[in-house]
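Q:
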Amino acid sequence: MSVKEALGKLVLGRDLSRVEARAAMRSLVDGEATPSQIAGFAIALRMKGETPDEIAGLAEVMREAATRVDAGANVVDVVGTGGDGAGTFNISTVSALVL
59 MSVKEALGKL VLGRDLSRVE ARAAMRSLVD GEATPSQIAG FAIALRMKGE
109 TPDEIAGLAE VMREAATRVD AGANVVDVVG TGGDGAGTFN ISTVSALVL
């Protein structure tokens with residue numbers, strides 16, 4: 059399914075199957091969509107409301123396309139969101155310097 063076909067379904071409020079979501083995301087990842095189509099796809103999907111099948115299909119393609127990094131055994135992840143709205147103090151940068 060092309061991004062254009064997926065957009066057609068989404069603007070009508072129809073859900074994409076997992077397979078259709080995968081195909082549409084594959085088109086995006088492969089550079090086959092214009093910036094306007096990418097924006098339209100994201101907006102239409104959000105306005106309709108994402109289904110678990112759509113999210114799963116999109117995520118599968120993103121994971122397949124992601125660059126894998128072999129970080130080795132002695133690596134610590136100290137990333138923080140910094141914008142979670144929980145009122146917490148972000149110490150991830152300082153943690154990285156200490157470690």
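Each residue of the sequence shown is one higher than the one before, starting from 59 at the first, in my numbering.
Cβ coordinates follow ideal geometry from the N, Cα and C atoms, glycine included.
Just so we're clear, the structure is a prediction, and the values are computed from it rather than from any experiment.
#1: Tell me the rounded alpha-carbon separation between residue 153 and residue 65.
#2: Counting beta carbon pairs with one atom in the segment 103-116 and one in the segment 74-82, are three or more of them shorter than 8 Å?
#3: Can at least three beta-carbon pairs, one atom from the segment 122-137 and one from the segment 89-108, be found at a separation below 8 Å?
#4: Starting from residue 59, trace the alpha helix (DSSP H) in both directions and tell me its first and last residue.
#5: Restricting to Cα atoms, I'd like to know which of 67, 155 and 151 is closest to residue 98.
A: On the basis of the supplied data:
#1: 44 Å
#2: yes
#3: no
#4: Run containing residue 59: none; DSSP gives neither H nor E here.
#5: 67
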